[in-house]
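Numbering (this note's numbering), first residue to last: 148 to 518.
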Ligand SMILES: Nc1ncnc2c1ncn2[C@@H]1O[C@H](COP(=O)(O)OP(=O)(O)OP(=O)(O)O)[C@@H](O)[C@H]1O
Ligand SMILES: [Mg+2]
């Protein structure tokens, strides 16, 4: 039996049902070798539809149910291709890059499940900020709760009760992740760890915190090289002691990073929602070729809104879509948020727009601070 053919080995029949052979899925190394020796895959042509169905991956029913609940029954082509890249299903390191909202998290979620349920090892899921780590902890708890995988977190003032011993998946910030790894090394318990997932891997070049991520990954690589690869008794195969899974939407030197981490590399430019770049000059909107597309709503030019953000948002929200706005500072965010809310409230009372759904759900407008 080839290890790579199985997502979940059939050691515990009840839990473990995934068998790629049963749906006649060949092992993938579809990637072209790039000049640095890593896999770069972006062609979807070699896939038949059967491997895209989530149920064909033999995941436990509660996990399938969770994904169904959030509207996912099929993998995107790139997700299936990425999972099957190189030795990823065999426990090899993976670095992957896909545009924002392409669904990067799901690839990591499935690989974590494999480590925890199949190999009985723990996983660290590292995110850069307390807020996103907390959000991820809650969503993973929901995803894994019915398959007996314990998820908790280490972030800010919050530490999982009972510590790392009491969790299977620890969601943490970079600093907490680094401390956990130090502790495991000091106590000679690193063997408990099966996977380290680093979300937003571009943080490695952050001037203030990037070095911690670099340290953390260096330690894992060092341990992995020092340790003998784990040999499965029942299978004549080896896998990395700790699998590193790193993802980002924006990694300029991704080849170098993959080389450094001895990882298979997967890059795609797939976007579930197409992105169209436009430029607004005065009250006119141009496409990226400087061809005029439209003029903004003159009716709702508001004094003080020199950038015409309100009419721009109005156009999108009134056609029932959502808007994300990025501002340079938190203060800027708060002020803009207040003025948009005020103006939208005023406009929503305007008889011309009474009853339009876009104005009933004003919460669809979200504003982010860049810092
Ligand atoms: N196969 C799929 N089918 C449908 N929706 C999916 C699929 N995979 C992921 N999604 C959904 O796509 C959305 C974006 O996914 P996710 O947050 O993982 O994106 P991301 O690539 O991590 O983006 P970012 O770079 O912004 O973090 C989520 O709502 C997720 O549930
Ligand atoms: Mg993400």
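All C-beta atoms in this analysis are idealised placements derived from N, C-alpha and C, irrespective of residue type, glycine included. In this text, all values refer to a predicted model and were calculated from it rather than measured experimentally.
In this structure, residue 329 sits away from residue 359, with a CB-CB distance that is not shorter than 7 Å. Taking all protein chains shown into account, residue 355 has fewer than 16 neighbouring C-beta atoms within 10 Å of its C-beta and is therefore exposed. When secondary structure is reduced to three states using DSSP, residue 444 falls in the coil class, being assigned neither helix nor strand. In this structure, residue 222 has its beta carbon less than 6 Å from a heavy atom of ligand 1. Using a Cβ distance threshold of 7 Å, residue 387 and residue 238 count as a contacting pair. The set of residues with any CB-heavy atom separation to ligand 2 below 6 Å comprises, in chain order, 251, 252 and 346. Between residue 281 and residue 340, the beta carbon gap of about 22 Å keeps them out of contact (Cβ cut-off 8 Å). For ligand 1, no non-hydrogen atom lies closer than 6 Å to the CB of residue 328. Cβ neighbours of residue 257 within its own chain (closer than 7 Å, five residues either side excluded): 230. Shortest Cα-Cα distance from residue 287 to any of 456, 260 and 305 involves 260. CA-CA distance, residue 232 to residue 362, rounds to 26 Å.
Taking C-beta atoms as the reference points, residue 393 and residue 314 fail to come closer than 7 Å. Apart from the 5 residues on each side of it in sequence, residue 200 sits with its Cβ closer than 6 Å to the Cβ of 221 in its chain, given in chain order.
For residue 460, DSSP records no beta bridge to any residue. In this chain, the alpha helix (DSSP H) harbouring residue 279 covers 277-291.
Counting the other Cβ atoms within 10 Å of the Cβ of residue 411 gives 16 or more, which makes it buried. Taking the CA atoms as reference points, residue 262 sits about 7 Å from residue 270. Residue 240 is classed as buried because its beta carbon has at least 16 other beta carbons within 10 Å across all chains shown. Within a 10 Å sphere around the beta-carbon of residue 478 sit fewer than 16 other beta-carbons, which makes this residue exposed. Looking at the backbone, the Cα of residue 454 and that of residue 421 are separated by about 24 Å.
Scanning the stretch 302-385 from its first residue to its last, the whole alpha helix (DSSP H) runs of 4-plus residues come out as 321-333 and 357-373. Here residue 229 carries a helix assignment [DSSP, helix/strand/coil]. By DSSP's assignment, residue 413 forms a beta bridge with 243. Residue burial is scored here from C-beta neighbours: residue 403 has fewer than 16 other C-beta atoms within 10 angstroms and is therefore classed as exposed. If you draw a straight line from the Cα of residue 327 to the Cα of residue 398, it is about 26 Å long. Taking C-alpha positions only, residue 335 is separated from residue 491 by approximately 58 Å. The beta carbon of residue 247 sits closer than 6 Å to at least one heavy atom of ligand 1. Residue pairing by DSSP leaves residue 250 without any beta bridge partner. Within 6 Å of the C-beta of residue 280 there is not a single heavy atom belonging to ligand 1.
Using a Cβ distance threshold of 7 Å, residue 470 and residue 476 do not count as a contacting pair.
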